[in-house]
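The sequence shown begins at 1 in the UniProt record's numbering and counts up one residue at a time. The structure appears below as structure tokens.
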Amino acid sequence: MKKILLAGKAILGAGLLVIFLNSCKNETKQEDPKEVAEDTNEAKFDSIADKKDDSEYLVDIAEVNLAEIEIGKLAQQKSTNPEVKKFGKMLVDEHTKSAGEVSALATSKNFTLPTSLTEDGQEEYKKLNEKSGLDFDKKFADMMIDGHEKAIEELQKATKDAKDQDIKLWASNNIAPLTAHLEHAKLLKQELDKKK
Numbered sequence: 001m002k003k004i005l006l007a008g009k010a011i012l013g014a015g016l017l018v019i020f021l022n023s024c025k026n027e028t029k030q031e032d033p034k035e036v037a038e039d040t041n042e043a044k045f046d047s048i049a050d051k052k053d054d055s056e057y058l059v060d061i062a063e064v065n066l067a068e069i070e071i072g073k074l075a076q077q078k079s080t081n082p083e084v085k086k087f088g089k090m091l092v093d094e095h096t097k098s099a100g101e102v103s104a105l106a107t108s109k110n111f112t113l114p115t116s117l118t119e120d121g122q123e124e125y126k127k128l129n130e131k132s133g134l135d136f137d138k139k140f141a142d143m144m145i146d147g148h149e150k151a152i153e154e155l156q157k158a159t160k161d162a163k164d165q166d167i168k169l170w171a172s173n174n175i176a177p178l179t180a181h182l183e184h185a186k187l188l189k190q191e192l193d194k195k196k
């Protein structure tokens, strides 16, 4: 009888140890904020495909806003070029405004958005932060061109494919400002490419 009791305790102890170790292992890996938002929206609107699709447009734009704000702040801190610093400040100001609008729109539609920099955003930030001087400025300009081209593409898709009229209208109204950012970034890149 004692042997059975000891064996039972040993098995229970081993089981608890496995559960404890697994829970510790799971705590170290934090989920990507974009994935959390998408999963939440998917669960809310699983039976309403249009809402799920429309929520993805706002999640993508929220991701862009978060990245542009952080990269704009970094440009203001690290660059020695006054034009790069000025562009960074403009990004922070305008994408903060855009983030507020997207957040209000998402709230009115009961959509969940990422609230912090995504894994991709963190990776881009890290790559830029590793640079300095003219290399930093050139990498920043390249990132601004790529990022704004992708954001404009997302907004154009939303103006065509979104089912929600408020989302379509917001996307349509924000293509011009992002296009202005893109043109500004291209001019900045031209000036930076002249420097050695």
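Even glycine gets a Cβ: it sits at the ideal position worked out from N, Cα and C.
* Of all the options Lys126, Ser108, Lys157 and Gln156, which has the alpha carbon lying nearest to the alpha carbon of Met143? -> Lys126
* Contact between the segment 110-122 and the segment 130-148 (3+ Cβ pairs under 8 Å) -> no
* To do: Evaluate Asn174 with the Cβ neighbour count: other Cβ atoms within 10 Å of its Cβ, from every protein chain shown; 16 or more gives buried, anything less gives exposed.
  => buried
* Asked: My guess is that Ala171 and Tyr57 are in contact by the Cβ rule of under 8 Å, so how many angstroms apart are they, rounded?
  -> 7 Å
* **Beta-carbon separation (whole angstroms), Lys109 vs Asp164, contact threshold 8 Å** => 7 Å
* **Sequence-distant residues of the same chain with beta carbon closer than 7 Å to His184, five excluded per side** => Phe87
* C-alpha gap between His95 and Leu66, whole angstroms -> 8 Å
* Taking only the alpha-carbon atoms, compute the straight-line gap between Asp193 and Glu83 and give it to the nearest angstrom. => 14 Å
* Asked: Just curious, the alpha helix (DSSP H) that Thr159 is in, first and last residue?
  -> Gly133 to Asp161
* Asp135 beta carbon near the ligand FMN (any heavy atom closer than 6 Å) -> In terms of ligand content, the structure shown is empty, and the ligand FMN therefore cannot be addressed.
* Asked: So with Cβ pairs under 7 Å, would you call Lys127 a contact of chain D?
  -> Any reference to chain D falls outside this structure, which holds one protein chain only.
* Asked: Going by beta carbon distance, what residues of the same chain come within less than 6 Å of Gly72, once the five residues before and after it are set aside?
  -> Gly88, Leu91 and Val92
* What do you get for Asp60, buried or exposed, if any count of 16 or more other CB atoms within 10 angstroms of its CB means buried? -> buried
* To do: Assign Leu187 to one of two classes, buried (16 or more other C-beta atoms within 10 Å of its C-beta) or exposed (fewer than that).
  => exposed
* So Lys126 is in the alpha helix (DSSP H); what residue range does that whole segment cover? -> Glu119 to Asn129
* Residue interval of the alpha helix (DSSP H) (run including Glu183) -> Gln165 to Asp193
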